[in-house]
Amino acid sequence: MGEKLLMKGNEVIAEAAIRAGCRHYFGYPITPQTEVAHYMAKRMPKIGGVFLQAESEVAAINMVYGAACTGVRVMTSSSSPGISLKQEGISYIAGAELPAVIVNIMRAGPGLGGILPAQGDYFQAVKGGGHGDFKMLVLAPCSVQELYELTVEAFNLADKYRIGTMILGDGTLGQMMEAVEFKDEENIVHYEKNWATNGTNMERDHNIITSIDTNPEILESWNLRLQDKYKQITENEVRVEEYNCDGADLIVAAYGSVARIVKNVIKMAQKEGIKVGLIRPITLWPFPVNSFEKYAEVTKAFLTVEMSAGQMVEDVRLAVNGKAPVSFYGRTGGIIPTQQEILDKIKSILNR
Amino acid sequence: MAYNLKEEAKKPERLSGGHRMCAGCGAPVVVRTILRALKPEDHAVIGAATGCLEVSTFLYPYTAWQDSFIHNAFENVGASISGAEAAYAAMKRRGKLEGETKFIAFGGDGGTYDIGLQSLSGAMERGHDMLYVCYDNGAYMNTGIQRSSATPKYADTTTSPAGKKIPGKQQWRKDLTEIMVEHHLPYVAQTAAIGNMKDLHEKSEKALYTKGPTFMNVLAPCPRGWQYNTPDLMDINKLAVETCFWPLYEVIDGKYVVNYKPKNKLPVKEFLKPQNRFKHIFKPGNEYMLEEIQEETDKRWEHLLKLAGE
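Chain order of the listed sequences is D and W.
What the first sequence shows, in my numbering, is residues 294 to 645, in sequence order.
What the second sequence shows, in my numbering, is residues 59 to 368, in sequence order.
And the structure:
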């Protein structure tokens, strides 16, 4: 048994990164994730790590690029508008195949929006908000405990596949305090980084890290290699929680903090004799298509609940592929959907 | 007509009360004084970078601004006002508009020294007829007191926490006023809300009514970030000037004028002492920090006097 502490979500992300061996953090202030930076600013000097506050999000993500080239574990964090600014750098990280962890504690948008929680960045996280054909591995924790575990895992996955890996949380998760139980020892997987530009020591040829090639055939071959890698990730790294799905009249799809609300809705529904299940994607990309396929022909209907105007619902519809009706319920602007609202929606779908 | 604060204060407020800036904050004092320098008949288009001033004065659908107001993101108030001014200039050329409209951009030090510097520099180089005001409170106060490149060395902030391993912020502050002077603007000024506001008022008037791009860097103390007693705002301003930590000067078509030379220049510790963000530099063993700050303050002051030919 490890140490159990009551901690704020944002601080747990920072602590988890440090436990995962991250000693290089580049950030920039933005609500509601700034506590990640505060925690790093306090801890990194004590453990010989780097905390660096950049002059902008654009600078921070490019510092991540630079550090990742040397093969070290590196992280940045921001919130929605800041992630928009980082998108160019994220695309370059994908093109150069660099491992990096990018945290997005989402707030309400678009534009200035507000600082309350939202899930409106599903598209920019999962569909590759930047330019070009690329993907990020996207992990969606639903508790402070998962913020810890998935942040540690994000570094392993980033290194394994040389890919930008995003922790996609929202303002609720970042700001809430919850018990978190730390392990005595972390599962840090060490991958050979013979591609890193960390000095040849006159013993090997120079490594080159780049995303440019002016020869279209070569550039296409790079793209095909990326697509191969993405295929491999799709086959091997899907994570999902299926809850109460067997024999369910209706299955809700929800991720992150919304999924926790849905779990309470399931209990409420049970009291009224309605059997509701939950498919909670933990990896948003790769998306748990199989879980939806599995239940598409046995459940009566699906309902996707998001703190957005309807983003993940598109992937649910693709996965269900017309075999069952897929409804949507969402709140935007920083409003968290209530259990009653969701239950009412379920009942209206099932005509109960 | 000679400047008279009592007369000026009779003008209708263009930043009305009811905004949500903190008690003891320098920024609204600065803004109100600048806006009083506008001719009453002139309209203004005002932009603000994301920051305390913006979030506290423009809680949509409420606004404290009597003039037109535009905000979009953090890094681009220079560009946003450039666009508005360019459109205005084109409409004016075609004779579609009457009267005079002035264009003013406000940014804090985070939005000006750091993320907005590129946008500011572009606007100034292109020569838009606008005034850019940086209200400098020396950190990202809006998001909870993170260091900026305007934060003084050794200040304790949430991202430069003073402790055993690091002594607070480890770098000297960027000299933004000088960077703007190097843009060869017709008018650049550094000022503070001090005394009867004469210096700030007169500089605002010049900056607003000098054709072309003009820039003002105005000290705007922050009681939360600097950790002083809120009623002490005006004393803090005064101490910044009397210690030459924040000299009052202007550069008119490249010519430097130092507007105020203290008869008895106070040691910089007089300015630092009332601020708890510098608490640690007064602890035994940290004397070197104060010495360094004094040395740097003196160096920059001497350099300024030299530039002014004094």
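Cβ atoms here follow ideal geometry from the backbone N, Cα and C, with glycine treated the same way.
Rounded separation between residue i and residue j - CA only
i, j, result
"Glu479 (chain D)", "Asp452 (chain D)", "15 angstroms"
"Asn583 (chain D)", "Ser504 (chain D)", "33 angstroms"
"Ser206 (chain W)", "Ala197 (chain W)", "5 angstroms"
"Glu390 (chain D)", "Leu450 (chain D)", "13 angstroms"
"Pro369 (chain W)", "Ser218 (chain W)", "The requested residue 369 (chain W) is not part of the displayed model; chain W covers only 59 to 368."
"Glu535 (chain D)", "Tyr318 (chain D)", "34 angstroms"
"Asn516 (chain D)", "Glu510 (chain D)", "10 angstroms"
"Tyr622 (chain D)", "Ile311 (chain D)", "37 angstroms"
"Tyr484 (chain D)", "Glu349 (chain W)", "49 angstroms"
"Gly522 (chain D)", "Ala361 (chain D)", "Residue identity check: residue 522 (chain D) is Lys in the sequence provided, not Gly. Approximately 19 angstroms, taken between the alpha carbons."
"Ala347 (chain D)", "Ser370 (chain D)", "12 angstroms"
"Val437 (chain D)", "Glu528 (chain D)", "27 angstroms"
"Thr631 (chain D)", "Ile554 (chain D)", "7 angstroms"
Residue i and residue j closer than 8 angstroms at C-beta
i, j, result
"Asp167 (chain W)", "Asp187 (chain W)", "no"
"Ala208 (chain W)", "Arg335 (chain W)", "no"
"Val351 (chain D)", "Ala393 (chain D)", "no"
"Gly185 (chain W)", "Gly75 (chain W)", "no"
"Ala612 (chain D)", "Phe580 (chain D)", "yes"
"Ile323 (chain D)", "Ser372 (chain D)", "yes"
"Cys80 (chain W)", "Pro279 (chain W)", "no"
"Thr592 (chain D)", "Leu543 (chain D)", "yes"
"Ala411 (chain D)", "Ser641 (chain D)", "no"
"Ala107 (chain W)", "Thr201 (chain W)", "no"
"Ala552 (chain D)", "Val445 (chain D)", "no"
"Arg256 (chain D)", "Gly464 (chain D)", "Here chain D has residues from 294 to 645 only, and residue 256 (chain D) is not among them."
"Leu266 (chain W)", "Lys337 (chain W)", "no"
"Ala489 (chain D)", "Phe427 (chain D)", "no"
"Ala589 (chain D)", "Asn614 (chain D)", "yes"
"Val569 (chain D)", "Val598 (chain D)", "no"
"Phe6 (chain W)", "Val89 (chain W)", "Outside the modelled stretch of chain W, which goes from 59 to 368, sits residue 6 (chain W), for which no answer is possible."
"Gln380 (chain D)", "Gly423 (chain D)", "yes"
"Leu73 (chain W)", "Leu93 (chain W)", "yes"
Same chain only: Cβ atoms within 6 angstroms of residue i, ignoring 5 sequence neighbours per side
i, result
"Cys315 (chain D)", "Arg366 and Met368"
"Glu304 (chain D)", "Glu328 and Tyr332"
"Glu296 (chain D)", "Phe475"
"Gly109 (chain W)", "Gly166, Gly169 and Asn200"
"Arg610 (chain D)", "Val619"
Nearest-angstrom Cβ-Cβ length linking residue i and residue j, presumed shorter than 8 angstroms
i, j, result
"Ile354 (chain D)", "Ile383 (chain D)", "6 angstroms"
"Leu440 (chain D)", "Leu466 (chain D)", "6 angstroms"
"Leu643 (chain D)", "Ile567 (chain D)", "7 angstroms"
"His77 (chain W)", "Pro86 (chain W)", "6 angstroms"
"Leu636 (chain D)", "Glu530 (chain D)", "Actually they are not in contact, since the Cβ atoms of Leu636 (chain D) and Glu530 (chain D) sit about 33 angstroms apart, beyond 8 angstroms."
"Tyr321 (chain D)", "Gly375 (chain D)", "6 angstroms"
"Val326 (chain W)", "Leu363 (chain W)", "Rounded, the Cβ-Cβ distance is 16 angstroms, inconsistent with contact."
"Pro434 (chain D)", "Ile460 (chain D)", "7 angstroms"
"Gly283 (chain W)", "Ile203 (chain W)", "5 angstroms"
"Leu277 (chain W)", "Trp304 (chain W)", "5 angstroms"
DSSP state of residue i mapped onto helix, strand, coil
i, result
"Leu405 (chain D)", "coil"
"Gly570 (chain D)", "strand"
"Asn516 (chain D)", "helix"
"Arg645 (chain D)", "coil"
"Cys362 (chain D)", "helix"
"Arg184 (chain W)", "helix"
"Cys192 (chain W)", "strand"
"Trp488 (chain D)", "coil"
"Ile460 (chain D)", "strand"
"Ile162 (chain W)", "strand"
"Ala594 (chain D)", "strand"
"Asn317 (chain W)", "coil"
"Val533 (chain D)", "strand"
"Gly169 (chain W)", "helix"
Residue i: CB within 7 angstroms of a non-hydrogen atom of the ligand ATP
i, result
"Ser384 (chain D)", "This structure lacks the ligand ATP, and indeed carries no ligand of any kind."
Cβ shell of residue i (< 7 angstroms), same chain only, five flanking positions each side left out
i, result
"Lys256 (chain W)", "Tyr61"
"Lys261 (chain W)", "Ala247, Thr249, Met274 and Glu308"
"His242 (chain W)", "Gly312"
"Ser138 (chain W)", "Gly105, Ile128 and Asn130"
"Cys83 (chain W)", "Cys280 and Pro281"
"Ile672 (chain D)", "Within the shown structure, residues of chain D are numbered from 294 to 645, placing residue 672 (chain D) beyond reach of any answer."
"Gly540 (chain D)", "Lys568"
Contacting residues, own chain, Cβ-Cβ under 8 angstroms from residue i (five flanking each side not counted)
i, result
"Glu354 (chain W)", "Lys211 and Trp230"
"Met182 (chain W)", "Gly136, Tyr190, Met238, His241, Leu243, Pro271 and Phe273"
"Pro332 (chain W)", "Tyr286, Asn287, Asp290, Asp293, Ile294 and Leu297"
"Ile252 (chain W)", "Leu258, Met292, Asn295, Lys296, Val299 and Leu306"
Cross-chain neighbours of residue i in chain A, by beta carbon under 8 angstroms
i, result
"Thr235 (chain W)", "Given the protein chain composition of this structure (D and W), no chain A is represented."
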